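One structure is given below, encoded as structure tokens.
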Amino acid sequence: MKHYFTLFLLFSTLFITCKKGDKLETTPPPPTTPPPVKPIASTKTFKIDSIRSVVQKNGFYTALSDSIWADSAGISFKVQMRDDLAEAALSFPATENSAIFPGALLQGNSIGNSNYKSFLFSGYKQNPLVIYSSSPSFDPFMTKLIPSRSGTTDFIKTSLKTDGKQTNSFTYTNGTEFRNYSEITMSTRKNWDFSNLVIRKAGDKGHIKKKTGFYVNFELALFDIAVDFPASDYKIFEAGVDPASISGDPVYVNDVVYGRTAIIAIESDAAFQEIKAAFQAAQTGKESAEDKKILQEAVITIYMRGFKTAEVSRIQTAQGYDRVSLFTKALLAGGAYSNTDYGEPISFYVSKITDYSNIRFKFKYRLDFSI
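Using my numbering, the final residue of the sequence shown is 372, and nothing's skipped along the way.
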């Protein structure tokens, strides 16, 4: 009996030892790799991506390219209007341009940069053509001449009634908000970039620097003078000259609109409605001290064409409230005209010398956004 008890203790010890050994040899769970941590975009990158997304989703223009500013302080876009190619009424970035008159020949490659350079030719001559106006203020309404600026001026001074009051069209926007000066260009359908008036050196940008942008657009088309050809052959050049053989991509001006156009852009830290109220007060002469203060502290940019030179000079040299007041007075007086004061060419159309139909254009613009 004693022998069996000893064997029982021996087997019990072995069993306990084996169980303890099994627990010591248990395989630990495999190590787990934590999921990768996505880097958090910087605040600047996030803002730039947000601006890019908004620009790309807009329904008015297409973003062709973009470039990020130094230190990611902002982003610039090159954009193009989404609508179909328009029979563009070309306009003027500068106050002077003597190359534009009905029948004028221009270098085709000067249209894109709005330089409008004359096309110089030799060895052949232009045929006489007919210029005419549909305005009832003209009598006679047409004449035949070799195209020239002086010939056109003589026709206007001879035929335009001195008490002309009839106008072709009138556009006036009573205050629009903007953030980018190029928005003014696109909204007013100009083919040159208004931001060029505020970008004066490398590194300058076309966005507003203050809290709010406000602009007013004025355009008064008094009359137009268009081109027609004698019924004989409808040819620009004298007999024997094939227009298709002339190199240099010349185009000709087939219609010119005369009148006055002006834009005033105001940057201010005031709210939009406060700027608008100050502008309207300058129109009526019933300004408050606060209205004057807003305009005195504002950044004001003005473009004018077709107004008297001395009048424009006074406006451009004035400051703040006085500048806005003089500008509004010029607009109010701009509707009157005569055969000695009829504005200037404010827009025009061009055709190919081989086609005679209006050329259709699309222009590119620049948009700047700071963050």
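Even glycine gets a Cβ: it sits at the ideal position worked out from N, Cα and C.
Nothing here was measured: the structure is a model prediction, and the numbers come from that model.
- In this chain, E178 is not harboured by any alpha helix (DSSP H); it is covered by the beta strand (DSSP E) spanning T177 to F179.
- When only Cα atoms are considered, N175 and A282 end up about 13 Å apart.
- Selection V325, A263 and A311 evaluated against P94 yields A263 as nearest (Cα-Cα).
- Contact between the segment 54-70 and the segment 313-325 is not established, with fewer than three Cβ pairs separated by less than 8 Å.
- Sequence-distant partners of K118 (beyond 5 residues in either direction) whose C-beta falls short of 6 Å from its own C-beta, in its chain, are Q108 and S111.
- If you look at S170, you'll find it in the beta strand (DSSP E) that goes S170 to Y173.
- One Cα belongs to R306, the other to G260, and the distance between them is close to 8 Å.
- Taking a contact to require three or more Cβ pairs closer than 8 Å, the segment 243-252 and the segment 178-195 do not qualify as touching.
- In the structure shown, K210 adopts coil according to DSSP, grouped into three states.
- A222 is bridged by DSSP to S170 and G260.
- Here V56 carries a helix assignment [DSSP, helix/strand/coil].
- The three-state reading of DSSP puts N110 in helix, counting H, G and I together.
- For R83, the closest C-alpha among the options D369, L91 and F364 is that of F364.
- 8 Å or more divides the Cβ of D229 from the Cβ of V351.
- A distance below 7 Å between beta-carbons, with the five flanking residues on each side excluded, links I101 to the following residues of its chain, in chain order: Y117, V254, V257, P346 and F349.
- Under the 10 Å beta carbon count, Y173 is surrounded by fewer than 16 other beta carbons and is classified as exposed.
- Around the C-beta of T153, 16 or more other C-beta atoms lie within 10 Å, and the residue is accordingly described as buried.
- In the structure shown, F364 falls within a coil segment according to DSSP collapsed to helix, strand and coil.
- Pairing D225 with S170, the inter-Cα distance amounts to about 11 Å.
- Sequence-distant Cβ neighbours of K206 in its own chain, meaning closer than 6 Å and more than five residues away, are D369.
- The distance from the Cβ of K48 to that of I301 is about 29 Å, inconsistent with a contact at the 8 Å cut-off.
- Sixteen is the threshold: since fewer than 16 other Cβ atoms of the shown chains lie within 10 Å of the Cβ of A240, the residue is exposed.
- In the structure shown, S289 adopts coil according to DSSP, grouped into three states.
- In the DSSP assignment, G75 is bridged to S371.
- Judged by pairs of C-beta atoms under 8 Å, the segment 124-138 does not touch the segment 271-290, as fewer than three such pairs exist.
- With contacts defined as CB atoms closer than 8 Å, A299 and E268 qualify as a contacting pair.
- If you look at Y182, you'll find it in the alpha helix (DSSP H) that goes Y182 to S188.
- T310 counts as exposed, since fewer than 16 other beta carbons sit within 10 angstroms of its beta carbon.
- H208 and N98 have their alpha carbons spaced roughly 28 Å apart.
- If only uninterrupted alpha helix (DSSP H) runs of at least 4 residues are considered, none is enclosed by the segment 129-155.
- Spatial neighbours of T177 in its own chain (CB-CB distance under 6 Å, excluding positions within 5 residues in sequence) are listed in chain order as Y216.
- Put simply, of F78, A74 and D356 the residue whose alpha carbon is nearest the alpha carbon of I237 is D356.
- Under the criterion of beta carbons closer than 8 Å, P103 and A222 do not qualify as touching, at roughly 15 Å.
- Looking at I360, Y366 and I354, the one whose alpha-carbon comes closest to that of F120 is I354.
- Rounded to the nearest whole angstrom, the CA to CA distance from Y304 to I265 is 7 Å.
- DSSP places K353 inside the beta strand (DSSP E), whose first and last residues are E345 to K353.
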